[in-house]
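Student:
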Amino acid sequence: MSASPQVEAGRALRCRGWRQEGLLRLLENVLTVGEDPDRLVVYAALGKAARNWPSHDAIVETLKTMADDETLIIQSGKPIGVLKTHNDAPMVLMANCNMVGRWATPENFYRFEQQDLICWGGLTAGAWQYIGSQGVIQGTYEILMRIAERHFEGSLAGRFVLTAGLGGMGGAQPLAGRLAASVILCVEVDPRRITKRLESGFLDRVAGDLDEALSLVQDAVAKQEAVSIGLCANAVDIYEQIAERGITPDVVTDQTSAHDLVYGYIPSGLTIEETMEMRGEPQRLIDLGRASIVRHVNAMLSFQKAGAIVFDNGNLIRSQAFEGGVENAFDIPIFTEAFLRPLFARAIGPFRWIALSGEPADLAAIDNLVLELFPDNQIVTNWIRLASEHVPIEGLPARIAWLGHGERARLGLAVNAMVRDGTLAGPVAFTRDHLDAGAMAHPTIMTERMRDGSDAIADWPLVNALAMASSKADLVAIHSGGGGYSGFMTSSGVTVVADGSEAADTRIDLSLNNDTSLGVMRYADAGYDEALDEAETKNLRYLGIPQYAGGGS
Ligand code: NAD
Numbered sequence: 049m050s051a052s053p054q055v056e057a058g059r060a061l062r063c064r065g066w067r068q069e070g071l072l073r074l075l076e077n078v079l080t081v082g083e084d085p086d087r088l089v090v091y092a093a094l095g096k097a098a099r100n101w102p103s104h105d106a107i108v109e110t111l112k113t114m115a116d117d118e119t120l121i122i123q124s125g126k127p128i129g130v131l132k133t134h135n136d137a138p139m140v141l142m143a144n145c146n147m148v149g150r151w152a153t154p155e156n157f158y159r160f161e162q163q164d165l166i167c168w169g170g171l172t173a174g175a176w177q178y179i180g181s182q183g184v185i186q187g188t189y190e191i192l193m194r195i196a197e198r199h200f201e202g203s204l205a206g207r208f209v210l211t212a213g214l215g216g217m218g219g220a221q222p223l224a225g226r227l228a229a230s231v232i233l234c235v236e237v238d239p240r241r242i243t244k245r246l247e248s249g250f251l252d253r254v255a256g257d258l259d260e261a262l263s264l265v266q267d268a269v270a271k272q273e274a275v276s277i278g279l280c281a282n283a284v285d286i287y288e289q290i291a292e293r294g295i296t297p298d299v300v301t302d303q304t305s306a307h308d309l310v311y312g313y314i315p316s317g318l319t320i321e322e323t324m325e326m327r328g329e330p331q332r333l334i335d336l337g338r339a340s341i342v343r344h345v346n347a348m349l350s351f352q353k354a355g356a357i358v359f360d361n362g363n364l365i366r367s368q369a370f371e372g373g374v375e376n377a378f379d380i381p382i383f384t385e386a387f388l389r390p391l392f393a394r395a396i397g398p399f400r401w402i403a404l405s406g407e408p409a410d411l412a413a414i415d416n417l418v419l420e421l422f423p424d425n426q427i428v429t430n431w432i433r434l435a436s437e438h439v440p441i442e443g444l445p446a447r448i449a450w451l452g453h454g455e456r457a458r459l460g461l462a463v464n465a466m467v468r469d470g471t472l473a474g475p476v477a478f479t480r481d482h483l484d485a486g487a488m489a490h491p492t493i494m495t496e497r498m499r500d501g502s503d504a505i506a507d508w509p510l511v512n513a514l515a516m517a518s519s520k521a522d523l524v525a526i527h528s529g530g531g532g533y534s535g536f537m538t539s540s541g542v543t544v545v546a547d548g549s550e551a552a553d554t555r556i557d558l559s560l561n562n563d564t565s566l567g568v569m570r571y572a573d574a575g576y577d578e579a580l581d582e583a584e585t586k587n588l589r590y591l592g593i594p595q596y597a598g599g600g601s
């Protein structure tokens, strides 16, 4: 078994070009910032960077030796072979965890995984695009700010946010809550996760029990002090007890790993050790987990009834509860539909860049460039200022900003020019979350209740990946759900390396613009006014064929 890799930095190349070297550094980076690198797990219990260590090592060796006119093919984290292509073809094409419709079940996923036929790449884990907690800090922060605008006159100061789960993604919640000026209480069953978030500075305080937690909350609310508080306990028990005491938080959500009842979620009444021992009897754990989630979601619904703003933050907790018999679980809205859809309709979404040199100065230079290029974009300038001050660098220096159509390519081209003229110490990779306008079909997260009813249609991410490969991107990935997410989603990922060359100008221009164009067209086709407006004002060649009242025939 290989040791956990460290990310390479500096100008020295180990590969035959920066496109290969950049992708290799991104693979090293997801493991460096990931949760359990020894198991190749980046986040969400099972989201892996490669199928196993022999596959990982073969990917590394191949990236080191590949020529510019070759393409590495990866199937669910395992490198299959290298194809002779051409200089403008992607360096890496991957398909992770895609099972055929009716067979895309958790049971088949676990069976195929045991047989070493498949692995789940999460969204950005398997495609080596994860940048650590920042993506989810920013996503959570934006959700909280949209809630503030809509329900609390623009500010969460003096507001009580209740949530749970301090894992790979959920660990971002305390910092996001504090940046959004709220008082946030985070319940987590694993004391090691609490310690980790305290050490990283994301969590300010830890309460010994619920009484102490609520007294800290009450005090901070009264003083309108932004603070994050951790409490080590099972979320189910705590949510129920808070509800029983008649206390209603202002905002309630949850980010435990409810999507995975075998390897993630800890049922109420079991310790972590007992849960792990029971993994040999998956059905028993699934039953216990589901029964626990029924209570978890019923407590969330009772908060909603009492006036709290309650939302699902993408962990499938409502679906699990529904399966367990909570018929009104979907009264809790999903965050995308409730707060973010008007942004996605304009293809404004989680765009990212990573300084492959490892130099924090490169990140600072690009932060300044963004402030110069987009001074009127308040969401972006606000975040860049907050992030440069409060978000620690994890692994390679990276930034996220919710840029839209035209903005992404404009920034990418300006950065490529800075790589070319030596202003930056090295090349920069551009990528984005899969949860982006044109890149995901997920009927209980991204595409829930689309205006035209197209929630479950996976053509959009698939055609997005094809378009990215035709637009000269360096890495293109198609992922579907694994574990409890099996059958729930299909998404696509894209990465482009700005190495300062003219060829990179073309790759950036085509792939970043086509990615967002398709995103706008996806929402325009679903009938969103913002997207129709964006398509018109940005002169996109959206054809606008209306839904035919007589059906498809
Ligand atoms: P993770 O497995 O790294 O962490 C989950 C945490 O929840 C762990 O620390 C675990 O100890 C804790 N936990 C489990 N059961 C608990 C319980 N009953 N009470 C209290 N704590 C409990 O997972 P993650 O990467 O943090 O992701 C969390 C969830 O959020 C996943 O379902 C993931 O898929 C989802 N997610 C959604 C989005 C999105 O769409 N917005 C983004 C990121 C993650």
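The numbering used here numbers the first residue of the sequence shown as 49 and each following residue consecutively. Backbone N, C-alpha and C define an ideal beta-carbon position, used for all residues, glycine too.
So is A489 buried or exposed if we call it buried at 16+ other beta carbons inside 10 Å?
Tutor: Flag for A489 reads buried.
Student: Would you decide whether N135 is buried or exposed? Buried here means 16 or more other CB atoms lie within 10 Å of its CB.
Tutor: Under this definition N135 is an exposed residue.
Student: With burial defined as no fewer than 16 other Cβ atoms inside 10 Å of the residue's Cβ, what is the status of Y596: buried or exposed?
Tutor: Classification for Y596: exposed.
Student: Do you know how far the Cα of F359 is from the Cα of P154?
Tutor: Near 25 Å, if we compare the C-alpha coordinates of F359 and P154.
Student: Take the Cβ of E375 as the centre, count every other Cβ of all protein chains shown within 10 Å, and call the residue buried at 16 or more, exposed below.
Tutor: By the 10 Å Cβ count, E375 comes out exposed.
Student: Under a three-way DSSP split, which group does W168 fall into?
Tutor: Residue state, collapsed to three classes: coil.
Student: Sort D164, L264 and A574 by Cα distance to R499 and report the nearest one.
Tutor: Closest option to R499, Cα to Cα, is A574.
Student: Tell me which same chain residues have a C-beta within less than 6 Å of the C-beta of G278, skipping the five on either side of it?
Tutor: Excluding residues within five positions, the ones whose Cβ falls inside 6 Å are C234, I242, L251 and V254.
Student: What would DSSP say about Y91, mapped onto helix, strand or coil?
Tutor: In the structure shown, Y91 sits in a strand (DSSP, three-state: E or B).
Student: For the ligand NAD, is there any heavy atom lying closer than 7 Å to the beta carbon of E325?
Tutor: Every heavy atom of the ligand NAD is 7 Å or more from the Cβ of E325, so no.
Student: Exposed or buried, which one is T319 when buried takes at least 16 other CB atoms within 10 Å?
Tutor: Answer is exposed; the Cβ neighbour count stays below 16.
Student: One question on the structure: do V55 and E69 come within less than 8 Å of each other, judged by their Cβ atoms?
Tutor: The answer is no: Cβ separation not under 8 Å.
Student: With a Cβ-Cβ cutoff of 8 Å, do K112 and R62 count as a contact?
Tutor: Yes, the Cβ-Cβ distance between K112 and R62 is below 8 Å.
Student: State the DSSP-derived secondary structure class of E603, mapped to helix, strand or coil.
Tutor: Outside the shown range of the chain, which is 49 to 601, sits residue 603, and nothing can be said about it.
Student: Using the Cα positions of S426 and R400, report the straight-line distance between them to the nearest angstrom.
Tutor: It should be noted that the sequence gives Gln, not Ser, for residue 426. Going by the C-alpha atoms only, they are around 17 Å apart.
Student: Evaluate Q162 with the Cβ neighbour count: other Cβ atoms within 10 Å of its Cβ, from every protein chain shown; 16 or more gives buried, anything less gives exposed.
Tutor: Classification for Q162: exposed.
Student: Helix, strand or coil: how does DSSP classify I185 here?
Tutor: Here I185 sits in helix by DSSP.
Student: Within the same chain, show all residues whose beta-carbon is closer than 7 Å to that of M494, passing over the 5 residues directly before and after it, in chain order.
Tutor: Counting only Cβ-Cβ distances below 7 Å, and skipping sequence neighbours, we find T384, L483 and M488.
Student: Going by DSSP in three states, I329 sits in which element: helix, strand or coil?
Tutor: The amino acid at residue 329 is misidentified as Ile; the sequence shows Glu. If DSSP states are grouped into helix, strand and coil, E329 belongs with coil.
Student: Quick check: is any heavy atom of the ligand NAD less than 7 Å from the C-beta of I448?
Tutor: For the ligand NAD, not one heavy atom lies less than 7 Å from the Cβ of I448.
Student: On the criterion of 16 or more Cβ atoms from any shown chain inside 10 Å, does R589 qualify as buried, or is it exposed?
Tutor: Counting Cβ neighbours within 10 Å, R589 comes out exposed, since fewer than 16 surround it.
Student: In the DSSP assignment, find the beta strand (DSSP E) that holds H527 and state where it starts and stops.
Tutor: Residues L523 to S528.
Student: With DSSP as the reference, identify every bridge partner of V428, one or two as the case may be.
Tutor: Answer is none; V428 lacks a bridge partner.
Student: Between I232 and the ligand NAD, is the CB less than 7 Å from at least one heavy atom?
Tutor: No.
Student: Given a cut-off of 8 Å, decide if I232 and S263 are closer than it, judged by their beta-carbon atoms.
Tutor: Result no, Cβ atoms of S263 and I232 do not sit closer than 8 Å.
Student: Got a sec? Which residues, its chain only, sit under 8 Å from S50 by beta carbon, not counting five neighbours each side?
Tutor: Below a pLDDT of 50, predicted positions are generally treated as unreliable, and S50, at 45, falls in that range; the measurement from the model is reported next regardless. Same-chain partners within the cutoff: W101, H104 and D105.
Student: Considering only heavy atoms of the ligand NAD, does any lie closer than 7 Å to the CB of H307?
Tutor: Answer for H307: yes, Cβ within range of the ligand NAD.
Student: Mind checking whether the beta-carbon of L236 lies closer than 7 Å to any heavy atom of the ligand NAD?
Tutor: Note that residue 236 is Glu in the sequence shown, not Leu. Yes, since a heavy atom of the ligand NAD falls inside the 7 Å radius drawn around the Cβ of E236.
Student: Let's test the definition: count the other Cβ atoms within 10 Å of the Cβ of K520 and tell me whether it reaches 16, buried, or not, exposed.
Tutor: With 16 or more Cβ atoms within 10 Å of its Cβ, K520 is classed as buried.
Student: In three-state DSSP terms, what is S50?
Tutor: Unreliable positioning characterises S50 in this predicted model, as indicated by a pLDDT of 45, which lies under 50. The coordinate reading is nonetheless provided below. DSSP places S50 in coil when its eight states are reduced to three.
Student: Do Q221 and T188 have their C-beta atoms closer together than 8 Å?
Tutor: Closer than 8 Å, so yes.
Student: In three-state DSSP terms, what is T153?
Tutor: Correct three-state label for T153: coil.
Student: Can at least three beta-carbon pairs, one atom from the segment 552 to 568 and one from the segment 200 to 215, be found at a separation below 8 Å?
Tutor: With the cut-off at 8 Å, the segment 552 to 568 and the segment 200 to 215 do not touch.
Student: Say whether the segment 350 to 357 touches the segment 309 to 325, bearing in mind that this needs 3 or more beta-carbon pairs closer than 8 Å, one atom from each stretch.
Tutor: Because the criterion of three Cβ pairs below 8 Å is not met, the segment 350 to 357 and the segment 309 to 325 do not touch.
Student: Going by DSSP in three states, K132 sits in which element: helix, strand or coil?
Tutor: Correct three-state label for K132: strand.
Student: Looking only at C-alpha atoms, which of A395, I365, R468 and P85 sits nearest to A16?
Tutor: Because the chain is modelled from 49 through 601, residue 16 falls outside the range shown and cannot be assessed.
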